[in-house]
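Engineer: In the numbering used here, the protein residues as written are 56 to 310. The C-beta atom is built at its ideal place from N, Cα and C for all residues, glycine as well.
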Amino acid sequence: MLWRMTSLTILTGQSRGLGHALATQCLQAGHQVIGIARHRSEDLDTFATAQGATLQQWEHDLSEPEPAAWALLEWLQAQPLDRFTQVTLINNAGALAPPQSLADSEPADTRRVLRVGLEAAMLLTGLFLRGTRDWSAARKVLSISSGLGRRAMAGSASYCAAKAGLDHFTRAVALEEANQPNGARLVSLAPGVVDTDMQVQLRGADPAAFPDQNRFESLWQNGQLSSPDATARQLLSWLDRPNFGQNPIGDVREG
Ligand code: NAP
56 MLWRMTSLTI LTGQSRGLGH ALATQCLQAG HQVIGIARHR SEDLDTFATA QGATLQQWEH
116 DLSEPEPAAW ALLEWLQAQP LDRFTQVTLI NNAGALAPPQ SLADSEPADT RRVLRVGLEA
176 AMLLTGLFLR GTRDWSAARK VLSISSGLGR RAMAGSASYC AAKAGLDHFT RAVALEEANQ
236 PNGARLVSLA PGVVDTDMQV QLRGADPAAF PDQNRFESLW QNGQLSSPDA TARQLLSWLD
296 RPNFGQNPIG DVREG
């Protein structure tokens, strides 16, 4: 019998931006894809149908992430243990609060950024690892971090904290998985500056409240943003590296 690679990719934030490009390229590569976001993308559904690929889009608000994480566990536990040869979780969804000092930020915005950007990633990762523990598939978790998890910026404390948290929880879980039979490999990877709605929000901010507004405006004016497609290619090729996970922290700009 011919051996065939069967890949499952679960990713958050597939409805637009970088996540949409990642989902499109995974479908193109023949992966089965489960996307989790508040909205579904109709054109992804159309694309999957045209490709003959399997796509499910689950509508969850990841600022209340527990139901999505339990739904994922339930789905994973219903699959035969040897159904896939490769299974990947991509924690891509992220959110920004209106850029301004923490003192001026609304507590509800601070909480949403932390929950979508960090709590959801941790809950999904935990139950993903539990649900695939006995699978024969190669198991990987890629979390989309940011340079701002490693370098502080005024006006975005909650976002900086969520991304620093992503990096450090990835380091800790990588240690846990290193001791497991068929342990998962995990990386928290910064994608560079990408031309999505998130950048529109940063350069559209009030410069009086957000000292870096000018920098984001000039990155855009000078054509220094990467396209979501090109960035998705870089991220997916990182996932395909034979030594993926050897270093749990990375940045696509550093190769
Ligand atoms: P984006 O265009 O704003 O898209 C964000 C995605 O996250 C959307 O699909 C959105 O889906 C989902 N999302 C947001 N809030 C959510 C919620 N409450 N519940 C469920 N899903 C939610 O952002 P992007 O630029 O593609 O960012 C993707 C990732 O890259 C993020 O983690 C971001 O921090 C990171 N990143 C981006 C840049 C950049 O320059 N763009 C730089 C560094 C890191 P719904 O609205 O449908 O819910």
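Pick helix, strand or coil for residue 211, following the three-state DSSP scheme.
Structural biologist: Of the three classes helix, strand and coil, the one that applies to residue 211 here is coil, per DSSP.
Engineer: Hey, how far is the Cα of residue 200 from the Cα of residue 296?
Structural biologist: Approximately 18 Å between the Cα atoms of the pair.
Engineer: Would you say the beta carbon of residue 277 is closer than 7 Å to some non-hydrogen atom of the ligand NAP?
Structural biologist: Not so, every heavy atom of the ligand NAP lies at least 7 Å from the Cβ.
Engineer: For the ligand SAM, I want to know if residue 201 counts as a neighbour, meaning its beta carbon is within less than 7 Å of at least one of the ligand's heavy atoms.
Structural biologist: In the structure on display, the ligand SAM does not appear, and the ligands it does have are the ligand NAP.
Engineer: Less than 8 Å separating the beta-carbons of residue 216 and residue 266?
Structural biologist: No, the Cβ-Cβ distance between residue 216 and residue 266 is not below 8 Å.
Engineer: For residue 219, which option in 263, 189, 163 and 305 has the closest C-alpha, if you only look at C-alpha atoms?
Structural biologist: Comparing Cα-Cα distances from residue 219 to each of 263, 189, 163 and 305, the minimum goes to 305.
Engineer: Excluding the five sequence neighbours on either side, which residues of its own chain have a C-beta within less than 6 Å of the C-beta of residue 175, listed in chain order?
Structural biologist: Taken in chain order, the residues that qualify are 117 and 120.
Engineer: With a threshold of 7 Å, establish whether the CB of residue 171 neighbours any heavy atom of the ligand NAP.
Structural biologist: Yes.
Engineer: With DSSP as the reference, label residue 280 as helix, strand or coil.
Structural biologist: The answer is coil: DSSP assigns residue 280 none of H, G, I, E or B.
Engineer: At the 8 Å Cβ level, is residue 161 part of the contact set with chain C, yes or no?
Structural biologist: Absence of chain C from the displayed structure is noted, only one protein chain being present.
Engineer: Do you know offhand how far residue 108's Cα is from residue 62's?
Structural biologist: Cα to Cα, residue 108 sits roughly 11 Å from residue 62.
Engineer: Do residue 241 and residue 173 count as a contact pair if the criterion is CB distance below 8 Å?
Structural biologist: No.
Engineer: Of the residues 123, 67 and 73, which one's Cα is nearest the Cα of residue 285?
Structural biologist: The candidate whose alpha carbon is nearest that of residue 285 is 73.
Engineer: Taking residue 311 as the reference, which of 88, 64 and 95 has the closest Cα?
Structural biologist: There is simply no residue 311 to check, as the chain begins at 56 and stops at 310 in what is shown.
Engineer: Using only CA atoms, which one of 283, 258 and 104 lies nearest to residue 249?
Structural biologist: Cα-wise, what sits closest to residue 249 is 283.
Engineer: Is the beta carbon of residue 181 less than 8 Å from the beta carbon of residue 229?
Structural biologist: Not in contact: residue 181 and residue 229 (Cβ atoms no closer than 8 Å).
Engineer: From which residue to which residue does the alpha helix (DSSP H) around residue 113 run?
Structural biologist: Taken as a continuous stretch (DSSP letters only), residue 113 belongs to no alpha helix (DSSP H), being part of the beta strand (DSSP E) at 110-114.
Engineer: Flag residue 249 as yes when its Cβ comes closer than 7 Å to any non-hydrogen atom of the ligand NAP, and as no otherwise.
Structural biologist: Yes - the ligand NAP has a heavy atom lying nearer than 7 Å to the Cβ of residue 249.
Engineer: Assuming contact is defined by CB atoms lying nearer than 8 Å, are residue 256 and residue 192 in contact in what I supplied?
Structural biologist: Not closer than 8 Å, so no.
Engineer: Alpha carbons only, please: which of 59, 65 and 60 is nearest the one belonging to residue 197?
Structural biologist: Looking at the Cα atoms, 65 is the closest of the given residues.
Engineer: Would residue 80 and residue 291 be called neighbours here (beta carbons separated by less than 8 Å)?
Structural biologist: Closer than 8 Å, so yes.
Engineer: On the DSSP letters alone, give me the boundaries of the alpha helix (DSSP H) that residue 137 sits inside.
Structural biologist: Looking at the DSSP string, residue 137 is not in any alpha helix (DSSP H), and its letter there is neither H nor E.
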